[in-house]
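There are 2 protein chains.
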Amino acid sequence: MTALDELKARLLEVDDLKSAASLLRWDQATYMPPGGAVARGRQTSTLGRLAHEKFTDIAIGRLLDQLERETASMPHDSDDASLVRVTRHHYEQAVRIPASLVSACDEHAAKSYQAWTLARPANDFATMVPLLEKTLELSRQRANCFPGYASIADPLIDVSDFGMKAEAMRSLFSTLRTRLLPIVRAITSRSPIDNACLRQHAPLADQLAFGQQVIEAFGYDSARGRLDLTHHPFMTKFSLGDVRITTRVRENAFLDALFITLHECGHALYAQGIRKELDGTPLADVPSAGIDESQSRLWENLVGRSRGFWEHFFPKLQHAFRKQLGNVSLDTFYRAINRVECGLIRGGADEVTYNLHVMLRFDLELDLLEGRLAVKDLARTWRERFEADFGIAVPDDRDGVLQDVHWYDGPIGGAFQGYTLGNIMSAQFFAAATAAQPEIPTQIARGEFGTLHHWLRGNVYQHGKKFTASEVIRHATGNDMSVEPYLDYLWNKFQPLYGLTERDRMTLA
Amino acid sequence: MTALDELKARLLEVDDLKSAASLLRWDQATYMPPGGAVARGRQTSTLGRLAHEKFTDIAIGRLLDQLERETASMPHDSDDASLVRVTRHHYEQAVRIPASLVSACDEHAAKSYQAWTLARPANDFATMVPLLEKTLELSRQRANCFPGYASIADPLIDVSDFGMKAEAMRSLFSTLRTRLLPIVRAITSRSPIDNACLRQHAPLADQLAFGQQVIEAFGYDSARGRLDLTHHPFMTKFSLGDVRITTRVRENAFLDALFITLHECGHALYAQGIRKELDGTPLADVPSAGIDESQSRLWENLVGRSRGFWEHFFPKLQHAFRKQLGNVSLDTFYRAINRVECGLIRGGADEVTYNLHVMLRFDLELDLLEGRLAVKDLARTWRERFEADFGIAVPDDRDGVLQDVHWYDGPIGGAFQGYTLGNIMSAQFFAAATAAQPEIPTQIARGEFGTLHHWLRGNVYQHGKKFTASEVIRHATGNDMSVEPYLDYLWNKFQPLYGLTERDRMTLA
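If you read the protein sequences in the order shown, they are chains A and B. So the first sequence is residues 682 to 1190, counted in this note's numbering. So the second sequence is residues 682 to 1190, counted in this note's numbering.
Listed below in structure tokens is the structure:
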């Protein structure tokens, strides 16, 4: 057996354990009876521990040492060289953090999460302050396992968005924020769009069936996946032949389920599109949270909330929901699903304001980690910043600093940037795809998605994790990541919807 | 940490791996998309291999050595002494068979099963002869890992029905067969019962819902389990808090699904009834295949096909299936579900003839293992014995020697006896329960099962695998296993159904 074969066999065993753990979690969220919960938690954690033990075996380090020499002369994009390179990165991530710190973080996260589930409904940030202070301290300790960083946030960001640096993102986000704020102001100065047609009841099964119909048109392969219902929607993968999504359907939130389904389908199209030769290795994954999110947002928003998409699908939707939409025009409907609204909550925010929510959190994370902000001042700072960005007051911490689970069940740092990176890249990929294949918008308006799907698969999905997000975006679009395509997209879409003027645009630039 | 704590921690890890593997198999049978099959097979086998590695660790042997000394003076029924005793038995089973023989058996079984899937439809026993000869040779090698047996079948029987010996069973089965044959002859000399009322179409969802209603009345705890659909029905357990069953529903096989559901529910009531302190250990299991089957058959047949049960449930069944049963009387219906018929196939055979199918296979297994029968003569011998027992000719090997998967995907020896042991014990347990609680039949006729369930839980289920099947039956019924209660049960039930006379009974004795 060659060293490469041995590495692959060991990685496959780790992948089997992790995939089994993923199935245990999927089952817990979908079909598990309540009586199974206690044992299930232990079983999932046993599989995770064994996967970690197997992956951090010193033998893997030795194989990597040897294979790094053997693959040194291979091209950067060779499967084998990429496998060694990416595995080395994961391996260092896994072995450099002492087991004692990992378990301290896990224990603290469980305690903090438990407290948060009570503190949020009680609107009680004060209780969370000492817990968050400990979280911040543990997050810094994690970061310090990877010395040599420019910002202490960099190693934390690396976990989800490998290669992205705090400084580069701060600059990117600052441009985006400066240019988004005026458009938000301009939109909120106009009359709100009427979205009464969405505030109706609709049967659960019909909502679910419509989503299923659309994702199959997108190209989701149901022979290699399935759609189920869960409280929190997600995509999960047990192999490249079994990529499942879940959605949430509410009778009184007509169409929410559809957009959630399209979002998760975007993640699934990515996973289903990875070259099957990479299955069972660390390369059968996405390069980063941001690039993963770019595809969920592309299919949900750039396709699923586009006028062209609904030219084809609105008659079908009317047919399925005659009672709700029989007397609604395409124009009214299209405007309703794209209504912009300054709200308190990030989850479910519209395309324009969503990033303001994310950037607020990202900036506060950096301020906390880099020592410019104390945890005890976090809630107040949140309210000030929110009011500055959104122009509305935050009435309580429940819908302010306590609203997202992220800081309360995991580290501070690295949790949020991916959402906005995803939005930025979604427009950049879509612009590159339509530049290469100008027939894409016309096809979408006919309910055909094959050309778009094919371009994305060829330029993004198939490579899995062989390349970093920066490499993928450069190869696929010919440019580094940039906010321009995204700002152009937002302007071209929302200018006519809200009757924005050239003067609003000038303010943007 | 004490030695006992360490043993328990190691066994819990093994149990976590095995339970995860069980969930992977459940998902494969219920919801997995076809694309997941290849990776799933590998993942399940990785978990099984790791569980085996962890369980056969020399450290477990050392802990057992120490703990056998420590628990020597404890009572036989103490949890700790039982854990050490039962774990020792499993450990010896696992370590005495060389890894090379295990993998030779696994490889051969896969090859043989593959060939059987083609040979059965082609009615081609000749192809299977060399494969079965190899299976027989490997089965003997397995048995010879446990020297000191009286019959070479004993170690193979031990795997599923621990403690049962070929000689004792041969004698038990011989009595049963001698006394069953005349009653079969007598019944088949009478006019067949009309079962037209069962040969109707009925909607799948209604069939499923009716079964769900009955098992909840039996006491199946849906907060600790669920019911799903699969091609082959089964019960599976991921912890004592998550005991699932599956059933098969066919639109044109009205009521098959119900009896399958009741059968699997019997297995599940057993598992759900094990004391929760035993969860995660080898004691959270059934003592043997036979005793497990005794409970599926008890709830399916002694309860579910009884006249009293239908006095309560038939009006409900008529209500749910008005079209099919609106004009059918309870008597006609009761007779139909208890029709006896000499057929070629074991699966789904009636209560009277079922054991003849099993005993034929058991005797042939012994003849093969003990060298009285050559594989090349097996098909012919099968036909001769079948015609002698059932009075009908076997038209082909497809529905003869090739009909069951057992010998073709596993060893020869130990595969069949549990079915008939289960039937025998089901009547013995039921007789003991009604002797102790004479109100049970009246309660069943009111749709109440609490007293029966409580007696079975207290006398059988709660102990899990602490005792052997022989110990359980002796403690619960005050007697060793005996065919008398079963023969009494069959006589009392089928005598009036078929108008059997005292003369038929005399022939029996």
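By construction, the Cβ of each residue, glycine as well, lies at the ideal position given by its N, Cα and C atoms.
Skipping 5 residues on each side, what residues in its chain have a beta carbon closer than 7 Å to that of T1132 (chain A)? Q1118, E1120, I1121 and Q1124
Rounded Cβ spacing between A904 (chain B) and G716 (chain A) (contact assumed at less than 8 Å): 5 Å
Can you tell me the Cα-Cα spacing of K1146 (chain A) and A1001 (chain A), whole angstroms? 40 Å
Taking the alpha-carbon of L812 (chain A) as reference, which of A:A785, A:A831, A:A762 and A:I833 has the nearest alpha-carbon? Minimum Cα-Cα distance from L812 (chain A) among the listed residues A:A785, A:A831, A:A762 and A:I833 corresponds to A:A785.
Do you know offhand how far R1020 (chain B)'s Cα is from D787 (chain B)'s? 40 Å
Name, going along the chain, the residues of the segment 712-725 of chain B whose beta-carbon falls closer than 9 Å to a beta-carbon of chain A. Y712, M713, P714, P715, G716, G717, A718, V719, A720, R721, R723, Q724 and T725
Once the 5 residues before and after L889 (chain A) are set aside, which same chain residues still bring their CB inside 6 Å of it? Cβ within range, chain order: V930.
So, is L1052 (chain B) buried or exposed, given that buried needs 16 or more other C-beta atoms within 10 angstroms? The question names Leu, but residue 1052 (chain B) in the sequence shown is Gly. Under this definition G1052 (chain B) is an exposed residue.
Tell me, to the nearest whole angstrom, how far the beta carbon of F1043 (chain A) is from that of F827 (chain A); I am working on the premise that it is less than 8 Å. 20 Å between Cβ atoms; not a contact.
Roughly how many whole angstroms lie between the Cα atoms of D760 (chain A) and G947 (chain A)? 25 Å
Closer than 8 Å, Cβ to any Cβ of chain A: which residues of the segment 881-908 of chain B, in chain order? D902, S903, A904, R905, G906 and R907
Here's the rule: buried if 16 or more other CB atoms are within 10 angstroms of the residue's CB, otherwise exposed. What is G1139 (chain B)? By the neighbour-count criterion, in which a residue is buried when 16 or more other Cβ atoms sit within 10 angstroms of its Cβ, G1139 (chain B) is exposed.
Would you say T727 (chain B) faces chain E, with C-beta separation under 9 Å as the test? No chain E is part of this structure, whose protein chains are labelled A and B.
Neighbouring residues, chain B, relative to E694 (chain A) (Cβ below 7 Å): T727
Pull up the CB-CB distance for V1039 (chain A) and T1101 (chain A), whole angstroms please, since I reckon it's below 8 Å. 4 Å
Taking all protein chains shown into account, do 16 or more other C-beta atoms lie within 10 angstroms of the C-beta of R777 (chain A), making it buried, or fewer, making it exposed? Counting the other CB atoms within 10 Å of its CB gives R777 (chain A) a total below 16, which places it among the exposed residues.
Should the segment 738-757 of chain A be called in touch with the segment 949-959 of chain B, which here means at least 3 C-beta pairs below 8 Å? no
Would you call the segment 857-871 of chain A in contact with the segment 978-997 of chain A, where contact means no fewer than 3 C-beta pairs closer than 8 Å? Between the segment 857-871 of chain A and the segment 978-997 of chain A, the count of C-beta pairs closer than 8 Å stays below three; the two stretches do not touch.
Pair within 9 Å by beta-carbon distance, L1137 (chain A) and R821 (chain A): no
So that I know if they touch, is there some Cβ in chain B lying closer than 9 Å to that of D1012 (chain A)? no
Return helix, strand or coil for D1078 (chain B), following the three-state DSSP convention. Under the three-state reduction of DSSP, D1078 (chain B) is assigned to coil, being neither helix nor strand.
Between A:R723, A:R1064, A:R1016 and A:F994, which has its C-alpha nearest I1026 (chain A)'s C-alpha? A:R1064
Would you be able to state if there are at least three C-beta pairs under 8 Å between the segment 787-802 of chain B and the segment 1087-1103 of chain B? yes
Drop a sphere of 10 angstroms on the beta-carbon of E974 (chain A), count the other beta-carbons inside from all chains shown, and report buried for 16 or more, exposed for fewer. buried
Just list the residues that DSSP pairs D923 (chain B) with in beta bridges. Under DSSP, D923 (chain B) takes part in a beta bridge, and its partners are B:S920.
Which two residues bound the contiguous beta strand (DSSP E) that contains D902 (chain A)? Run containing D902 (chain A): none; DSSP gives neither H nor E here.
Considering only C-alpha positions, which residue in the set B:L692, B:L1037, B:A762 and B:N876 is nearest to T674 (chain B)? Nothing can be reported for residue 674 (chain B), as the shown portion of chain B is limited to 682 through 1190.
If you drop the 5 nearest sequence neighbours on each side, which residues of the same chain put their C-beta closer than 7 Å to that of H1144 (chain A)? V1153
9 Å is my cut-off, CB to CB: does A701 (chain A) come that close to chain B? Chain B has a Cβ within less than 9 Å of the Cβ of A701 (chain A).
Compare the C-beta of F736 (chain A) against all C-beta atoms of chain B and say whether one is closer than 9 Å. Taking Cβ atoms only, chain B never reaches closer than 9 Å to F736 (chain A), which makes this a no.
Residues of chain B with a CB under 7 Å from the CB of S920 (chain A): which are they? G717 and A720
Since T816 (chain B) sits in a beta bridge, which residues does DSSP pair it with? T816 (chain B) is not bridged to any residue.
Beta-carbon contacts of H789 (chain B) that lie in its chain and below 8 Å, excluding the five residues immediately before and after: Here the set comprises L812, K815, T816 and L819.
Do you know how far the Cα of A710 (chain A) is from the Cα of A1116 (chain B)? Cα to Cα, A1116 (chain B) sits roughly 46 Å from A710 (chain A).
Near Y1179 (chain B), what residues of its chain come up, given a Cβ to Cβ distance below 6 Å and the 5 sequence neighbours on each side ignored? Only I868 and R871 meet the Cβ criterion.
Counting only runs that start and end within the segment 918-986 of chain A, where is the alpha helix (DSSP H) found for 4 or more residues in a row? 937-954 and 970-978
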